[in-house]
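Have a look at the structure below before the remarks.
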Amino acid sequence: MTDNKTKTTKTTAIVLLAVVAIASLALGLWLSQRLHQGPGHEASSGPALREGIPKGLHATVLPHGKAVAPFKLTDSNGKPFDVDRLRGKWSFIFFGYTNCPDVCPLTLSILNGVYQKLQNTPADVANTQVVFVSVDPRRDTIPELKKYVHFFNPHFIGATGPIKQINDITKQFGILYSYTKDPKSKAGYTVNHSAQIILVDPQARERAIFSPPHKIDKITTAFRKIRHYYEGS
Amino acid sequence: MKRIKTLTGIGLAGLLALTAAPALAAAGLSAHEPWVREAPPMARMLAGYVTLKNATGQPVTITGAESPAFGAVELHRSVIKNGVAHMIKQDHVTVPAHGKFSFEPGGYHLMLMQPKHPLKAGDNVKMTLRLKDGRTLSFTMPVRKANGGAMHMNH
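Protein chains in written order, with the numbering used here: chain A, 1 to 233; chain B, 1001 to 1155.
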């Protein structure tokens, strides 16, 4: 009988869970519908950006953006790099490390390709910055970071800081990283890291996420659409 | 512009110095479009890419590589799992019978460590792959600037 009772309890629990799941789903759908419904009220001050999301993009767009919380890094010129440096500019942010021979150079050269394409239309490259955040501060000194990013494009900015301060920026963007060491490899430790490119809008709000595999054309097209959409141009 | 080098064997590899090895032609495995990604001058790690074609009816297993331009060369693979990039050392890679195997950006690559001199686009690097059966395959890899891997990543 105890068995039956347990069974009943379990069934009830499952039914309850299902109800909760369906309710959350419905709420989520209702919310996303609301978010997609044209202009709402812009609460923040400053030049207002349009609401909603542009369609048909190779990017995940956050309809209202997500305000970037304070963080404090040092840039490749030794100057503070904080949330204020994101204001007034569209920022592409990528996370990696300079001892990364494949994914990081590939992504940075793709971002350079994007930057070069944007240079064909000066309005699109104006107030656009590319930031490479090193999550390997133990090996990546500021002077080395500068040489590294400038190799890809002299306009690119490198930034890093103590682990705790790096975490202030990675956590809010959902960027993961960890260190691993294969005793059979002579590579020392390697760094596993999220390969997404984060786009922050000029009001310092996380606005879009580009997921790998990255392609120059897809990022360029999506960025242009996003920028034109929100700036209403 | 395909560079096709034939597979050369050094049957008694353990006994012979590499330079003295007789070039025993062992047809079947060839290297195509090898290149090294030009890296920043301070880079301690570079990556090399090549497509291997196996014309024989037997799979060919590569167990390692070496180059006079680097302190060490390893076979590695970049894998993106749940959005996170990992780099994993490979003990070996296999070129299937009558098939090909590509080292390419964002996937398998020759990890080139401790460059002896900074390399620039236009330089050439000698590379030797070690095969499981003791043979080797040598070829030259030009250093190239990669712009978004455009030449290899796009269709």
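Glycine included, every Cβ here is placed at the ideal spot set by N, Cα and C.
Three-state secondary structure (DSSP) at residue i?
i	result
A:SER44	Here A:SER44 scores only 46 on pLDDT, less than 50, and its place in the model is too uncertain to base an answer on.
A:ARG139	coil
A:ARG224	helix
A:GLY113	helix
A:ALA123	helix
A:PHE151	helix
A:ARG50	coil
A:TYR230	helix
A:LYS146	helix
B:ARG1044	coil
B:LEU1075	strand
A:ASN167	helix
B:GLN1058	coil
A:LEU118	helix
A:PHE173	helix
A:LYS218	helix
A:THR98	coil
B:LEU1137	strand
A:LEU106	helix
A:GLY65	strand
A:PHE156	coil
A:PRO162	coil
A:SER194	strand
A:ASN77	coil
Residue i to residue j, Cα distance in whole Å?
i	j	result
A:ILE166	A:LEU199	17 angstroms
A:ALA222	B:HIS1086	26 angstroms
B:ALA1043	A:ALA48	43 angstroms
A:THR160	A:ARG139	11 angstroms
A:LYS66	A:ILE226	15 angstroms
B:GLN1090	B:THR1136	18 angstroms
B:PRO1142	B:VAL1095	22 angstroms
A:PRO202	A:PRO80	18 angstroms
B:ASP1133	A:GLY188	29 angstroms
B:LEU1024	B:LEU1110	Because B:LEU1024 carries a pLDDT of 39, less than 50, the predicted location of this residue cannot be relied on, and the following value inherits that uncertainty. Taking the straight line joining both Cα atoms gives about 25 angstroms.
A:VAL61	A:PHE173	13 angstroms
A:TYR148	B:THR1056	43 angstroms
A:PHE151	A:SER109	10 angstroms
A:LYS218	A:PRO101	23 angstroms
A:ILE93	B:GLN1114	28 angstroms
A:ILE257	A:PRO137	Absent from the structure is residue 257 of chain A, since the part of chain A shown begins at 1 and ends at 233.
A:ASN112	A:HIS193	20 angstroms
A:TYR179	A:VAL131	22 angstroms
A:GLY56	A:PRO212	17 angstroms
B:LEU1131	A:PRO105	29 angstroms
B:THR1063	A:ASN77	43 angstroms
A:GLY40	A:HIS228	Here A:GLY40 scores only 36 on pLDDT, less than 50, and its place in the model should not be relied on; the value that follows carries that caveat. Rounded to the nearest angstrom, the two C-alpha atoms are 18 angstroms apart.
B:PRO1118	B:PRO1041	6 angstroms
A:ALA204	A:GLY96	21 angstroms
A:PRO54	A:LYS171	26 angstroms
A:TYR230	A:ILE197	19 angstroms
A:LYS186	B:ALA1072	7 angstroms
A:LEU84	B:GLY1122	Per the sequence presented here, residue 84 of chain A reads as Asp, with Leu not at that position. C-alpha separation (whole angstroms): 42 angstroms.
From the DSSP secondary-structure annotation, give me the bridge partner or partners of residue i.
i	result
B:GLY1064	B:ARG1130
A:GLN254	Nothing in the structure corresponds to residue 254 of chain A, since chain A is present only between 1 and 233.
A:TYR189	A:LYS181
A:ASP252	The structure shown does not extend to residue 252 of chain A, since chain A is modelled only from 1 to 233, so the question has no answer here.
B:HIS1117	In the DSSP output, where bridge partners are listed per residue, B:HIS1117 has none listed.
B:ASN1090	Reading the sequence as shown, one finds Gln at residue 1090 of chain B and not Asn. Answer is none; B:GLN1090 lacks a bridge partner.
B:LEU1052	B:ALA1031 and B:PHE1101
B:PRO1142	B:ASN1124
Can we count residue i as close to the ligand SAM, meaning its CB is less than 7 angstroms from some heavy atom?
i	result
B:GLN1114	As presented, the structure is devoid of all ligands, the ligand SAM included, so that no description of it is given.
(message) Along the stretch 1077-1102 of chain B, where does the CB come closer than 7 angstroms to a CB of chain A? Name the residues.
(response) Per Cβ criterion, the list reads SER1078, ILE1080, GLY1083, VAL1084, ALA1085, HIS1086, MET1087 and LYS1089.
(request) Tell me, please, whether the stretch 121-130 of chain A touches the stretch 81-94 of chain A by the rule of three or more beta-carbon pairs shorter than 8 angstroms. (result) Yes, since at least three Cβ pairs between the stretch 121-130 of chain A and the stretch 81-94 of chain A fall closer than 8 angstroms, the two stretches touch.
(request) Would you list, in chain order, the members of the stretch 1028-1051 of chain B that have their beta-carbon closer than 8 angstroms to a beta-carbon of chain A? (result) ARG1037, ALA1039, PRO1040, PRO1041, MET1042, ALA1043, ARG1044, MET1045, LEU1046 and ALA1047
(request) Note down, in chain order, all residues in the stretch 159-192 of chain A with a beta-carbon under 7 angstroms from any beta-carbon belonging to chain B. (result) Taking a C-beta cut-off of 7 angstroms against chain B, the contacting residues of the stretch 159-192 of chain A are LEU176, ASP182, LYS184, SER185, LYS186, ALA187, THR190 and ASN192, listed in chain order.
(message) Check whether the stretch 68-80 of chain A and the stretch 167-174 of chain A are in contact - that is, three or more C-beta pairs closer than 8 angstroms.
(response) yes
(request) Name, going along the chain, the residues of the stretch 194-209 of chain A whose beta-carbon falls closer than 7 angstroms to a beta-carbon of chain B. (result) SER194, ALA195 and GLN196
(request) For the stretch 1062-1077 of chain B, enumerate the residues whose C-beta is nearer than 7 angstroms to any C-beta of chain A, in chain order. (result) For chain A, the residues of the stretch 1062-1077 of chain B that bring a beta carbon within less than 7 angstroms of one of its beta carbons are ALA1072 and GLU1074, in chain order.
(request) Anything in the stretch 136-159 of chain A with a Cβ closer than 7 angstroms to a Cβ of chain B? List those residues in chain order, please. (result) GLU144, LYS147, TYR148 and PHE151
(request) Closer than 9 angstroms, Cβ to Cβ, to anything on chain B: give me those residues from the stretch 79-100 of chain A, in chain order. (result) GLY96, THR98, ASN99 and CYS100
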